[in-house]
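Colleague:
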Amino acid sequence: MTPAERLYAAAHLAAVDRPPCVCPGGMMNMIVSDIMRETGCTWPESHLDPAKMASLTRALCQNGGFENYGVPFCMTVEAEALGADVDMGDGEVEPHVVRSPLSSALEADRLRPFDPDKGRPAVVLEAIHLLKAAGDGVPVVGNLTGPISVAGTLVDMSSLLMEFRKRPEACHRLLGIISDALIAFGRAQVKAGADVICIAEPSGTGEILGGKRFQEYAVTYINRVLDAVPAPTKIVHICGRLRSVYHLLDSLHCDAFSFDAMVGAHEVKPYLTGKAVMGNVSTHALGVMPREKVKQLTAAAYKQGMDILAPACGLPLTTPLANIKAMAETARELTERPHA
Numbered sequence: 001m002t003p004a005e006r007l008y009a010a011a012h013l014a015a016v017d018r019p020p021c022v023c024p025g026g027m028m029n030m031i032v033s034d035i036m037r038e039t040g041c042t043w044p045e046s047h048l049d050p051a052k053m054a055s056l057t058r059a060l061c062q063n064g065g066f067e068n069y070g071v072p073f074c075m076t077v078e079a080e081a082l083g084a085d086v087d088m089g090d091g092e093v094e095p096h097v098v099r100s101p102l103s104s105a106l107e108a109d110r111l112r113p114f115d116p117d118k119g120r121p122a123v124v125l126e127a128i129h130l131l132k133a134a135g136d137g138v139p140v141v142g143n144l145t146g147p148i149s150v151a152g153t154l155v156d157m158s159s160l161l162m163e164f165r166k167r168p169e170a171c172h173r174l175l176g177i178i179s180d181a182l183i184a185f186g187r188a189q190v191k192a193g194a195d196v197i198c199i200a201e202p203s204g205t206g207e208i209l210g211g212k213r214f215q216e217y218a219v220t221y222i223n224r225v226l227d228a229v230p231a232p233t234k235i236v237h238i239c240g241r242l243r244s245v246y247h248l249l250d251s252l253h254c255d256a257f258s259f260d261a262m263v264g265a266h267e268v269k270p271y272l273t274g275k276a277v278m279g280n281v282s283t284h285a286l287g288v289m290p291r292e293k294v295k296q297l298t299a300a301a302y303k304q305g306m307d308i309l310a311p312a313c314g315l316p317l318t319t320p321l322a323n324i325k326a327m328a329e330t331a332r333e334l335t336e337r338p339h340a
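According to UniProt numbering, the sequence shown is numbered sequentially starting from 1.
In structure tokens, the structure reads:
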């Protein structure tokens, strides 16, 4: 099987020769300093140059790393396009929002109109086009920041959480505008060649929102985006502990569900019908532990029920390439799921 065939099959619970080993990109960044040194393509330049962006993710795959390409390498593209001020960071720090354009959800109509063909969205689209044009059988993962997480950068998150309770109509208006932008960006990514769309929600979690508002806001608007973006494979990643929203996870309209290292596959799988589970190798372990420990943790994740092997979150830039290779090597050695 090609890597693209393997990921598609695993995400749709079809037979595979072995588990895929991927890292989507976006919030779940795959780029590490070792690869920047290897390619000479560095941050922040690679966030702004589609050829350098494509070169970085391609090099990681070609150097024995993850079996996919994934762009962008941060979760600020949509927020910036909608009007937030972003510090592009440096070789050690990811881009981050430094000024929110709104003081309240009531001001949603002040957001800048989203145009996927301008600014950094256009950079991402061109990078996807370059990666897909290679025709090498490696899946291209396009990434979207979850609607709650985008909202929490356009309005101060603590204020937004209060407004979820006090001004639900205004919040739904804001999230509707954000979702329309994400739909436009997601559709453009698929048109450019993305095989997979991954939505990551570090802020729209059960821990932060609670079950009721997770359903009202996170599930509603994630599904609105998923339903409107015609990607062959759709992945959703939710950060944090999930116990308070286990019963809601199956209502997400994704093919594969990804989650944090603190959550066990055996806890989540009973609540998911017809969905693959993805993850959840500790990024801390990948960053600091010996490669043999990384191999053990990767094999254990598969044994516990993971259909797609992946880091549990975005990688620290200091993660050794040797540890990423160890994770990928382990996936290649697994041909049949052992019995727990």
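We treat Cβ as the ideally placed atom computed from N, Cα and C, and that holds for glycine.
Return the bridge partner residues of Leu160 from the DSSP annotation.
Modeller: Paired residue(s): none; Leu160 is not in a bridge.
Colleague: Give me, in chain order, the residues of the same chain whose beta-carbon lies closer than 8 angstroms to that of Ala328; leave out the 5 immediate sequence neighbours on both sides.
Modeller: Answer for Ala328: Cys21, Gly64, Gly65, Phe66, Glu67, listed in chain order.
Colleague: Considering only the beta carbon of each residue, do Asp307 and Ala256 sit closer than 9 angstroms?
Modeller: Yes, these two residues count as a Cβ contact at 9 angstroms.
Colleague: Could you tell me the alpha carbon to alpha carbon distance between Thr76 and Val97, rounded to whole angstroms?
Modeller: Looking at the two C-alpha atoms, the distance is approximately 7 angstroms.
Colleague: Taking the alpha helix (DSSP H) that Ile235 falls in, what are its first and last residues?
Modeller: No alpha helix (DSSP H) holds Ile235; the beta strand (DSSP E) holding it covers 233-238.
Colleague: Leaving out five residues before and five after Gly137 in sequence, what residues of the same chain have Cβ atoms less than 8 angstroms from its Cβ?
Modeller: Taken in chain order, the residues that qualify are Thr2, Pro3, Ala4, Glu5.
Colleague: How is Asn68 classed by DSSP in three states: helix, strand or coil?
Modeller: In this structure, Asn68 counts as coil in the three-state DSSP scheme.
Colleague: For Phe185, name the three-state secondary structure that DSSP assigns.
Modeller: Correct three-state label for Phe185: helix.
Colleague: Just how far apart, CA to CA, sit Thr319 and Val288?
Modeller: Between Thr319 and Val288, the C-alpha separation is close to 7 angstroms.
Colleague: Is Asn29 helix, strand or coil when you go by DSSP?
Modeller: Three-state result, Asn29: coil.
Colleague: What ranges does the beta strand (DSSP E) occupy inside the stretch 201-253, keeping only unbroken runs of at least 3 residues that lie completely in it?
Modeller: For the stretch 201-253, whole beta strand (DSSP E) runs of length 3 or above, ordered along the chain, are 233-238.
Colleague: Please state whether DSSP places Met53 in a helix, a strand or coil.
Modeller: In the structure shown, Met53 sits in a helix (DSSP, three-state: H, G or I).
Colleague: Pick from Gly142, Glu38, Asp260, Pro50: whose alpha carbon is nearest that of His284?
Modeller: His284 has its Cα closest to that of Asp260, out of Gly142, Glu38, Asp260, Pro50.
Colleague: Nearest-angstrom Cα distance between Ala11 and Gly305?
Modeller: Cα-Cα distance, rounded: 13 angstroms.
Colleague: Would you mind reading off the limits of the beta strand (DSSP E) that contains Leu297?
Modeller: That residue, Leu297, is in no beta strand (DSSP E); its alpha helix (DSSP H) goes 291-303.
Colleague: Pairing CB atoms from the stretch 132-148 with CB atoms from the stretch 107-120, are three or more of them under 8 angstroms?
Modeller: No contact exists between the stretch 132-148 and the stretch 107-120.
Colleague: Have a look at Ile177, Asn223, Gly240 and flag the residue whose alpha-carbon is nearest the alpha-carbon of Leu252.
Modeller: Among Ile177, Asn223, Gly240, the Cα nearest to that of Leu252 belongs to Asn223.
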